[in-house]
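Participant:
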Amino acid sequence: MLDQQRDTVNAAVNEVLPHAIKMRHHLHRHPELSFHEEQTAKFIAMKLEELGVDSLQTSIGGNGILATITGLQGTGPTLALRADMDALPIQEEGESEYRSERDGVMHACGHDGHSAVLLGTAQTLCRLRANFAGTVRLIFQPAEEVAAGARAIVDSGGMKDVDAIFALHGWPGMDVGKIGIRPGAMMASADTFDITIDGRGAHAAMPHLSVDPIVAGAQVVTALQTIVSRETSPVDSVVVSVTQFHAGSAHNIIPGRAELKGTVRCLTSELRQIMPERVERVVAGVCGALNAEYKLNYRFGTPVTINDERMVNLVREVGAACLGEENVVQLEWPSLGAEDFAVYLGHAPGAMFRLGTGAAKPPLHTPTYDFGDEPLKPGIEMFTHLALRFLRGQSAA
Ligand SMILES: [Zn+2]
Ligand SMILES: [Zn+2]
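Quick note: to get the numbering used here, add 5 to the position in the sequence shown (first position is 1).
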């Protein structure tokens with residue numbers, strides 16, 4: 006990266022930073038749950054209009070926003086940058102002066118930070134139009150926490166003509182000024198299942214007259230774990246978690262039905278594809294042996310987030326140039342958490358990276374988490390440089 010370009014970008018970032026901080030505080034104060042991001046979207050659209058983006062579309066896939074900024078150096082490819090906007094149903098316990106004003110709702114996943122980073126980047130790129138060729142598409146996505154927003158944006162044409170896409174997620178446990186990334190699997194797929202086990206109710210003192218769905222369900226829960234321990238290679242990763250088990254209504258009644266729900270996480274699409282068959286075989290076998298009936302509803306949710314190697318290298322190069330080589334962390338392991346950013350990666354190569362929000366920060370999705378102001382600068386720097394690098398590198402080639 007040329008020193009001159011770095012200075013130009015630095016100056017632009019420093020100029021927009023106070024505004025980005027203010028915008029984050031506003032978003033943090035007014036969190037909205039998935040599918041209800043109306044005021045958030047209104048605020049973001051208003052800011053984008055003020056900045057003078059070239060096009061602005063609202064109500065995309067619900068409360069989503071698409072905006073474009075076109076460079077002045079001629080035609081070139083389209084790069085998408087994505088931020089999510091929704092908050093979580095948690096009562097904030099933080100002490101900041103901008104803490105949530107909405108009871109029971111807060112930005113516990115830091116999506117206020119992601120949106121502020123993207124708004125700040127919009128501002129730098131509007132100022133740096135003369136420095137790139139091509140188009141930057143800004144995607145403000147609703148409903149990430151319920152894994153629905155990305156699909157809605159894509160179904161509304163949000164990825165049409167996009168050549169590459171990047172996103173970041175604020176990461177507690179990592180110092181501010183550091184980023185983390187890995188090629189290939191970055192986050193897991195997240196699929197869900199519902200199992201209904203029908204037996205026959207009876208008096209608890211006369212179990213021989215029943216077909217006990219609790220006993221069958223308990224064995225289903227433990228047998229499902231053998232998919233992980235006995236059917237999957239020990240060097241592969243899969244998680245099967247039964248997270249709900251509902252049955253019964255009294256101490257002395259064997260109920261007629263048990264309902265189980267849970268999630269399956271994988272790091273490869275291949276393994277993911279064969280999991281429904283494995284789950285069904287175990288459920289059918291156990292229920293059959295115990296004379297119970299079952300119904301299985303298995304739903305594919307979010308795919309595996311698979312970072313493109315070339316795009317990961319671009320993130321690393323840009324990270325080394327603007328944050329320093331020592332601040333680009335090569336992640337050894339993916340997370341078995343899921344991110345609906347994966348959906349975009351089915352339509353264009355791209356990469357998601359972690360942006361450090363502080364080594365001592367509380368974990369994501371907890372009542373005292375706060376993205377903070379400090380990560381905004383490295384976040385805006387990364388996005389701005391990625392856009393400039395991608396949109397010039399490609400057109401020069
Ligand atoms: Zn989250
Ligand atoms: Zn999140």
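Note that beta-carbon positions come from the ideal geometry of N, C-alpha and C, so glycine has one too.
Kindly give me the distance between the Cβ atoms of Cys271 and Ser161, rounded to whole angstroms, as I take these residues to be in contact under 8 angstroms.
Facilitator: Not confirmed; about 28 angstroms, so no contact.
Participant: Indicate, with yes or no, if ligand 2 has a heavy atom lying under 8 angstroms from the CB of Leu301.
Facilitator: Leu301 Cβ: outside cutoff for every heavy atom of ligand 2.
Participant: Can you give me the Cβ contacts of Ser101 inside the same chain, cut-off strictly under 7 angstroms, excluding the 5 residues immediately before and after it?
Facilitator: Within the same chain, Ser101 has close Cβ partners Asp375.
Participant: Determine the extent of the beta strand (DSSP E) in which Tyr299 is found, giving its start and end residues.
Facilitator: Counting along the chain, the beta strand (DSSP E) containing Tyr299 begins and ends at Glu298 to Thr307.
Participant: Mind listing, in chain order, the continuous alpha helix (DSSP H) runs of no fewer than 4 residues lying wholly within the region 146 to 214?
Facilitator: Runs found: 154 to 160.
Participant: Are there three or more Cβ pairs, one per stretch, closer than 8 angstroms when the region 163 to 172 is compared with the region 266 to 280?
Facilitator: Flag = no, the region 163 to 172 and the region 266 to 280 do not touch.
Participant: Whose CA, out of Ile219, Tyr303, Ala343 and Met316, lies closest to the CA of Phe395?
Facilitator: Nearest of Ile219, Tyr303, Ala343 and Met316 to Phe395, Cα basis: Met316.
Participant: Indicate the three-state DSSP secondary structure (helix, strand or coil) for Ala223 in the structure shown.
Facilitator: Of the three classes helix, strand and coil, the one that applies to Ala223 here is helix, per DSSP.
Participant: Use the C-beta contact count for Val243: other C-beta atoms within 10 angstroms, 16 or more gives buried, fewer gives exposed.
Facilitator: So Val243 ends up on the buried side.
Participant: When the distance is taken between beta carbons, is Ile311 closer than 9 angstroms to Ala343?
Facilitator: Cβ atoms of Ala343 and Ile311: not closer than 9 angstroms.
Participant: Gly66 and Ile202 look like a contact to me (Cβ under 8 angstroms); what is the Cβ gap, rounded to whole Å?
Facilitator: Actually they are not in contact, since the Cβ atoms of Gly66 and Ile202 sit about 37 angstroms apart, beyond 8 angstroms.
Participant: From what residue to what residue does the alpha helix (DSSP H) around Asn318 run?
Facilitator: Note, Asn318: alpha helix (DSSP H), Glu314 to Leu328.
Participant: Tell me the DSSP bridge mates of Lys266?
Facilitator: Paired residues: Asp199 and Gln249.
Participant: Whether or not the region 129 to 143 and the region 61 to 81 are in contact is what I'm after, with contact meaning three or more pairs of Cβ atoms, one per stretch, closer than 8 angstroms; do they touch?
Facilitator: Yes, since at least three Cβ pairs between the region 61 to 81 and the region 129 to 143 fall closer than 8 angstroms, the two stretches touch.
Participant: For the beta strand (DSSP E) holding Ala353, just list the boundary residues, first then last.
Facilitator: It is not in any beta strand (DSSP E) - Ala353 carries neither H nor E in the DSSP assignment.
Participant: Tell me where the alpha helix (DSSP H) around Val128 begins and ends.
Facilitator: According to the sequence provided, residue 128 is Gln. The question's Val does not apply to it. Its alpha helix (DSSP H) spans residues His116 to Arg132.
Participant: Would you list the residues sitting across from Val243 in a DSSP beta bridge?
Facilitator: Per DSSP, Cys271.
Participant: Going by the beta-carbon positions, is the gap between Gly139 and Leu71 smaller than 9 angstroms?
Facilitator: No, the Cβ-Cβ distance between Gly139 and Leu71 is not below 9 angstroms.
Participant: Please classify Val151 as buried or exposed, where buried requires at least 16 other C-beta atoms within 10 Å of its C-beta.
Facilitator: Classification for Val151: exposed.
Participant: Shorter than 9 angstroms from the beta carbon of Ala195 to some beta carbon of chain D?
Facilitator: Absence of chain D from the displayed structure is noted, only one protein chain being present.
Participant: Assuming the contact rule is C-beta atoms closer than 8 angstroms, Asp345 and Glu149 should be a hit. Round their C-beta distance to whole Å, please.
Facilitator: The Cβ separation is near 6 angstroms, so the contact holds.
Participant: Using only the heavy atoms of ligand 2, determine whether one of them is closer than 8 angstroms to the beta carbon of Gly115.
Facilitator: Yes, since a heavy atom of ligand 2 falls inside the 8 angstroms radius drawn around the Cβ of Gly115.
Participant: Which two residues bound the contiguous beta strand (DSSP E) that contains Ile95?
Facilitator: Neither: Ile95 is in no beta strand (DSSP E) and is coded neither H nor E.
Participant: Sort out for me which residues DSSP pairs Met357 with in a bridge.
Facilitator: Partner(s): Ala172.
Participant: Taking 8 angstroms as the line, does the beta carbon of Glu150 fall inside it for any heavy atom of ligand 1?
Facilitator: Yes, ligand 1 has a heavy atom inside 8 angstroms of this Cβ.
Participant: Rounded to the nearest angstrom, what separates Ile49 and Gly118 at their Cα positions?
Facilitator: About 13 angstroms.
Participant: Could you compute how far the alpha carbon of Val225 sits from the alpha carbon of Glu331?
Facilitator: Roughly 48 angstroms between the two C-alpha positions.
Participant: Quick one: Cα of Lys266 to Cα of Ala294, how far?
Facilitator: Distance between the alpha carbons of Lys266 and Ala294 is about 21 angstroms.
Participant: So the beta strand (DSSP E) Thr83 belongs to, where does it begin and stop?
Facilitator: Thr83 to Asp89 is the span of the beta strand (DSSP E), which, as asked, contains Thr83.
Participant: Just checking His35 against ligand 1 - is the residue's beta carbon closer than 8 angstroms to any of the ligand's heavy atoms?
Facilitator: Because no heavy atom of ligand 1 lies under 8 angstroms away, the Cβ of His35 does not count as near it: no.
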